[in-house]
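*Asks:* Residue numbers (my numbering): 1 to 748. Positions of the beta carbon are idealized from the N, C-alpha and C atoms, including for glycine. Remember, it's a predicted structure, so these values are computed and weren't measured experimentally.
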Amino acid sequence: MQQQPQPQATPKPKKKIRVPRVVNGVEQMVEIEVDEDAGPGWGPNDKHTLLNKRTTRVDGPLKVTGAARYTYDQRLPGMLYGRILRCPHGHARVTKLDTDAASKIAGVKAIVPAPLTEIRFAGGPVAAVAATTPEIAGDALRAIKVTYEVLPHVVHADAAIRPNAPKVVEDEKESNLQEKAKNGDPQKAEAAFATADAIIEAEYISPRIHHACLETHGMVVDYRGGDSATIYASTQGTFTIPGDAAKELGLEQSKVVSSVEHMGGGFGSKFGIGTEGMLACRLSKETKSPVKLMLTRYDEFVMAGNRSGSWQKLKAGVKNDGTIVAMTARQYRLGGLGQGSQAGQPYIYRMGDTYREVYALHTNEDSAIAMRAPGHPQASFAVESLVDELAYKIKMDPVAFRKKNLRDEVYHRQLDRAAKEIGWSRRNPVAGGNPGPLKRGMGCAVGTWGGGGNNQCKTDVTIARDGSVVVALGTQDLGTGTRTYTRAIVAEELGLGINDVKEQIGNSKLGAANPSGGSTTAPSVAPSVKDAAIKARVLMAERVAPLLGNAKPEEIVFSGRNVSAKGQSVTWKQAAAALPAAGITAHGEWRADLQARGVHGVCFAEVEVDVETGHVKPIKMVHVQDCGLPLNRLAMESQINGGMIQSLGMALWEGRVMDAQLGMQLNPGFGDYKLPGSLEMPEMVALIDDEDKREAVIGMSEGCIIPALGALVNAVFNATGLRVRELPITPDKILMGLMNTTKISTAD
Numbered sequence: 001m002q003q004q005p006q007p008q009a010t011p012k013p014k015k016k017i018r019v020p021r022v023v024n025g026v027e028q029m030v031e032i033e034v035d036e037d038a039g040p041g042w043g044p045n046d047k048h049t050l051l052n053k054r055t056t057r058v059d060g061p062l063k064v065t066g067a068a069r070y071t072y073d074q075r076l077p078g079m080l081y082g083r084i085l086r087c088p089h090g091h092a093r094v095t096k097l098d099t100d101a102a103s104k105i106a107g108v109k110a111i112v113p114a115p116l117t118e119i120r121f122a123g124g125p126v127a128a129v130a131a132t133t134p135e136i137a138g139d140a141l142r143a144i145k146v147t148y149e150v151l152p153h154v155v156h157a158d159a160a161i162r163p164n165a166p167k168v169v170e171d172e173k174e175s176n177l178q179e180k181a182k183n184g185d186p187q188k189a190e191a192a193f194a195t196a197d198a199i200i201e202a203e204y205i206s207p208r209i210h211h212a213c214l215e216t217h218g219m220v221v222d223y224r225g226g227d228s229a230t231i232y233a234s235t236q237g238t239f240t241i242p243g244d245a246a247k248e249l250g251l252e253q254s255k256v257v258s259s260v261e262h263m264g265g266g267f268g269s270k271f272g273i274g275t276e277g278m279l280a281c282r283l284s285k286e287t288k289s290p291v292k293l294m295l296t297r298y299d300e301f302v303m304a305g306n307r308s309g310s311w312q313k314l315k316a317g318v319k320n321d322g323t324i325v326a327m328t329a330r331q332y333r334l335g336g337l338g339q340g341s342q343a344g345q346p347y348i349y350r351m352g353d354t355y356r357e358v359y360a361l362h363t364n365e366d367s368a369i370a371m372r373a374p375g376h377p378q379a380s381f382a383v384e385s386l387v388d389e390l391a392y393k394i395k396m397d398p399v400a401f402r403k404k405n406l407r408d409e410v411y412h413r414q415l416d417r418a419a420k421e422i423g424w425s426r427r428n429p430v431a432g433g434n435p436g437p438l439k440r441g442m443g444c445a446v447g448t449w450g451g452g453g454n455n456q457c458k459t460d461v462t463i464a465r466d467g468s469v470v471v472a473l474g475t476q477d478l479g480t481g482t483r484t485y486t487r488a489i490v491a492e493e494l495g496l497g498i499n500d501v502k503e504q505i506g507n508s509k510l511g512a513a514n515p516s517g518g519s520t521t522a523p524s525v526a527p528s529v530k531d532a533a534i535k536a537r538v539l540m541a542e543r544v545a546p547l548l549g550n551a552k553p554e555e556i557v558f559s560g561r562n563v564s565a566k567g568q569s570v571t572w573k574q575a576a577a578a579l580p581a582a583g584i585t586a587h588g589e590w591r592a593d594l595q596a597r598g599v600h601g602v603c604f605a606e607v608e609v610d611v612e613t614g615h616v617k618p619i620k621m622v623h624v625q626d627c628g629l630p631l632n633r634l635a636m637e638s639q640i641n642g643g644m645i646q647s648l649g650m651a652l653w654e655g656r657v658m659d660a661q662l663g664m665q666l667n668p669g670f671g672d673y674k675l676p677g678s679l680e681m682p683e684m685v686a687l688i689d690d691e692d693k694r695e696a697v698i699g700m701s702e703g704c705i706i707p708a709l710g711a712l713v714n715a716v717f718n719a720t721g722l723r724v725r726e727l728p729i730t731p732d733k734i735l736m737g738l739m740n741t742t743k744i745s746t747a748d
């Protein structure tokens, strides 16, 4: 029988609209196509009833009372506990794995080897154990006998770059350097340097730092030997779990459900099942029992990834009027076994003729992975230090100098606002010029991020006959407030209060959603939720119209838990009673016109440096940030504060300490890995740039960590006159730097 041709779907008619975008660093309106029947937009940013307000998070009570259920909290009947045996050598080959004694321990149910026998960093997985208690699993690890062939290793960048260094990555036979990019014309850049009145040439180094998630990596695999499984995962991507887990369990992907009710931080480190998830699945498959494998804190530090370090050699020339005429950059990504990440120079600035080379420089360390604004803090730290040095070299105010070389005038207004807030006029005109051992100084910096959404999110809004409303989609909430703004969007559209709407999120059986990376969650989720809410309002209006004099749906107003038209009004519950028994459900899709891309941020910092002890005390930080439509001002302020705090850690305290001989990390725990604590917090001022009138949702959380780093580093220079070019700025670097400066001055 001849197959009949399938009817072709009629394409939806399109219309062209103008939406805000940032193109080549400049905000402008661009024309895009959307479906002709696309609903209304967000409207003016200052005309909302629930959005753009300071709203407390709806899941706050659950978290502060301890009732919120995280992956770590899962307790299932018959559940086993997994633990991972780690390699103690910087580079070694497993030649024998003897598990006989370990397998005979009462309570040990399974032992599986790790996938690789050649392990290229200390802490790499060798085997995993499942036992009836965590303690028994630990005993089993100690009973496993491993024979290693210890191989040469290198863990410091300056040693790895030498011609005779041990080769780290198998594919790189000649060198530990891997070329990633070359941009620009080196000859033109060198020629432009001849026109400069001043030149700065320097190296800037930032270390590899940890995500420091309060909930460690891991998952609970609930597989009992059937044809389905449920995975409780601490993950940034609900939908990144089922596919990989299904492969390990030998199941169809549709038979694996992932659940992310609450999760304790990721910052870019938790996508997919990871090595720990793979081993948990294998243990569960072998035992046909639920297995909980959450990394210990030590595991978390040595094998869960970290932010890429950087080593940047920069040179720039400037004219006396403040015009930067040329810049060259040689950038090394310090990503351990991985490629690392590094935003390109000259980053945001206009710098005349430029040339840059980017390389991955491999060492025998766990592979660096994404961390909040991957590659940007490193690039910003270096270029903001360089820009500051140029400004001081020609004796020009650093704020004026930045405005001179920043094309996008959004930064100009943000610089002016932050400068006024911190009192920039009090800054030392001469770095280190104030008297006494306690020296104060100020610095500033700028940053950028994308933050646009994508079309992966699908949302359902259901209104029941009793008036209850549920918004459902599979996205995860990392703690950034997704639960709250999904409720608020729907409630505002339907004229309800935020507690009149309930959310269902974090389950792969719900509507599809993108992983939370690149600050793409809000601009992906929010348009989808808005679209579903608009459609639900239209469906509701059609049903309630007979109660309001047969008003047209577009004439019906939803406000204050009432539904009104033509001078008539019914309560929300009365309106809902007109619905069919099953209620109504509206399906929402992502709409490009409800989101945009491109945010700007500016940070100023004031510090106090004790030149007798080298101690740096942060005094005040001011950050101005735009984002189009702020969905929740309180949450946005919290993200800005969080970015400043993480930058404090990177600038002043944090960094992996590696032993060159052993290849091991020496500070793998919160006792030795220094994070900023409550007693070290400065006054923090988070300012939302409401001059940004874009009626669109733009992700901004990652952008908040970028400029604060350079602001702190530059503040230390303004306070002391000492330029510290290697992070973190610990007391020894202050004291040794000042001592060397004094010796040079005395010699002169």
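In chain order, what residues of the same chain have a beta carbon less than 8 Å from the beta carbon of residue 549, not counting five sequence neighbours either side?
*Replies:* If we look at residue 549 and ignore the five residues flanking it on each side, its Cβ neighbours are 565, 566, 568.
*Asks:* Look up residue 197 in the DSSP assignment and say whether it is helix, strand or coil.
*Replies:* If DSSP states are grouped into helix, strand and coil, residue 197 belongs with coil.
*Asks:* Would you kindly check if the distance between the Cβ of residue 590 and the Cβ of residue 457 is under 8 Å?
*Replies:* Cβ atoms of residue 457 and residue 590: closer than 8 Å.
*Asks:* Less than 8 Å between the CB atoms is what I'm expecting for residue 612 and residue 437, so what's the real figure, rounded?
*Replies:* At roughly 5 Å, the Cβ-Cβ gap stays under 8 Å, so residue 612 and residue 437 are in contact.
*Asks:* Contact check, residue 729 vs residue 716 under 8 Å by CB: the rounded distance?
*Replies:* The pair is a contact, with the Cβ atoms about 6 Å apart (cut-off 8 Å).
*Asks:* Applying the 10 Å Cβ sphere with the 16-neighbour rule, what's the burial state of residue 520?
*Replies:* Buried.
*Asks:* Starting from residue 710 and walking both ways along the beta strand (DSSP E), at which residues does that stretch end?
*Replies:* From DSSP, residue 710 is part of no beta strand (DSSP E) but of the alpha helix (DSSP H) over 706-720.
*Asks:* What are the residues that DSSP puts in a beta bridge with residue 172?
*Replies:* Partner(s): none; residue 172 has no beta bridge.
*Asks:* Please work out which residues of its chain come closer than 7 Å, Cβ to Cβ, to residue 236, disregarding the five sequence neighbours upstream and downstream, and give them in chain order.
*Replies:* Taken in chain order, the residues that qualify are 266, 270, 271, 476, 478, 515, 516, 517.
*Asks:* Is the separation between the beta-carbon of residue 153 and that of residue 306 shorter than 8 Å?
*Replies:* Cβ distance not < 8 Å, so residue 153 and residue 306 don't count as in contact.
*Asks:* Taking only the alpha-carbon atoms, compute the straight-line gap between residue 738 and residue 722 and give it to the nearest angstrom.
*Replies:* Each residue's Cα considered, the two are about 7 Å apart.
*Asks:* Tell me the DSSP secondary structure of residue 750 in three-state form.
*Replies:* Any answer about residue 750 is impossible in this case: the structure gives the chain only from 1 up to 748.
*Asks:* Roughly how many angstroms separate the alpha carbons of residue 25 and residue 598, rounded to a whole number?
*Replies:* Caution applies to residue 25, whose pLDDT of 43 falls short of 50 and renders its modelled position unreliable; the model cannot decide the point.
*Asks:* Is it buried or exposed for residue 679, if we count other Cβ within 10 angstroms and need 16 for buried?
*Replies:* It is exposed - the Cβ of residue 679 has fewer than 16 other Cβ atoms within 10 Å.
*Asks:* Give me whichever residues DSSP pairs with residue 361 in a beta bridge.
*Replies:* DSSP output for residue 361 lists 177 as bridge partner(s).
*Asks:* Quick check on DSSP: helix, strand or coil for residue 371?
*Replies:* DSSP places residue 371 in coil when its eight states are reduced to three.
*Asks:* Between 659, 641, 628, 633, which has its C-alpha nearest residue 41's C-alpha?
*Replies:* Of the candidates 659, 641, 628, 633, the one whose C-alpha sits nearest the C-alpha of residue 41 is 628.
*Asks:* Between the Cα of residue 73 and those of 285, 643, 660, 259, spot the shortest distance and give me the residue it belongs to.
*Replies:* Of 285, 643, 660, 259, the residue nearest in Cα terms is 259.
*Asks:* Hey, could you find the ends of the alpha helix (DSSP H) residue 239 is sitting in?
*Replies:* First-last for residue 239: undefined, no H or E at that position.
*Asks:* Taking buried to mean at least 16 other C-beta atoms within 10 Å of its own C-beta, is residue 632 buried or exposed?
*Replies:* Buried: at least 16 other Cβ atoms inside 10 Å.
*Asks:* Identify, in the order they occur along the chain, each residue of the same chain with its Cβ nearer than 6 Å to the Cβ of residue 712, setting aside the five sequence neighbours on each side.
*Replies:* Correct list, in chain order: 605, 651.
*Asks:* Quick one: give me the first and last residue of the alpha helix (DSSP H) that residue 650 is part of.
*Replies:* Per DSSP, residue 650 belongs to the alpha helix (DSSP H) from 633-652.
*Asks:* So what does DSSP say about residue 602, is it helix, strand or coil?
*Replies:* In this structure, residue 602 counts as strand in the three-state DSSP scheme.
*Asks:* For my contact list, residue 325 and residue 352 are in at a C-beta cut-off of 8 Å; report their separation, rounded to the angstrom.
*Replies:* Rounded, the Cβ-Cβ distance is 4 Å, consistent with contact.
*Asks:* Quick one: what does DSSP say residue 26 is sitting in, helix, strand or coil?
*Replies:* Only weak support exists for where residue 26 lies, its pLDDT of 47 falling under 50; the value from the coordinates is given anyway. Residue 26 falls in the strand class under three-state DSSP.
*Asks:* Is the segment 673-692 in contact with the segment 243-251, if contact means three or more CB pairs nearer than 8 Å?
*Replies:* No, they do not touch.
*Asks:* Please look up how many angstroms separate the CB atoms of residue 233 and residue 71, rounded, as I've assumed it's under 8 Å.
*Replies:* Right, their Cβ atoms sit about 6 Å apart.
*Asks:* How big is the Cα-Cα spacing for residue 574 and residue 562?
*Replies:* Approximately 9 Å, taken between the alpha carbons.
*Asks:* Excluding five sequence neighbours on each side, which residues of the same chain lie with their C-beta closer than 6 Å to the C-beta of residue 350?
*Replies:* So the list reads 405, 407, once near-sequence residues are dropped.
*Asks:* Measure the alpha-carbon distance for residue 732 versus residue 614 and round it to whole angstroms.
*Replies:* Rounded to the nearest angstrom, the two C-alpha atoms are 7 Å apart.
*Asks:* By DSSP, does residue 562 sit in helix, in strand, or in coil?
*Replies:* Residue 562: strand per DSSP, three-state reduction.
*Asks:* For residue 176, count neighbouring C-beta atoms within 10 Å of its own C-beta (all shown protein chains included) and say buried if the count is 16 or more, exposed if not.
*Replies:* Residue 176 comes out buried.
*Asks:* Would you kindly check if the distance between the Cβ of residue 308 and the Cβ of residue 368 is under 8 Å?
*Replies:* Taking 8 Å as the Cβ cut-off, residue 368 and residue 308 qualify as a contacting pair.
*Asks:* For residue 182 and residue 337, I'd like the C-alpha separation in whole angstroms.
*Replies:* Distance between the alpha carbons of residue 182 and residue 337 is about 22 Å.
*Asks:* Classify residue 115: buried if its beta carbon has 16 or more other beta carbons within 10 angstroms, exposed otherwise.
*Replies:* So residue 115 counts as exposed.
*Asks:* Using a 10 Å radius around the Cβ and a threshold of 16 neighbouring Cβ atoms, would you call residue 671 buried or exposed?
*Replies:* Per the 10 Å Cβ criterion, exposed.
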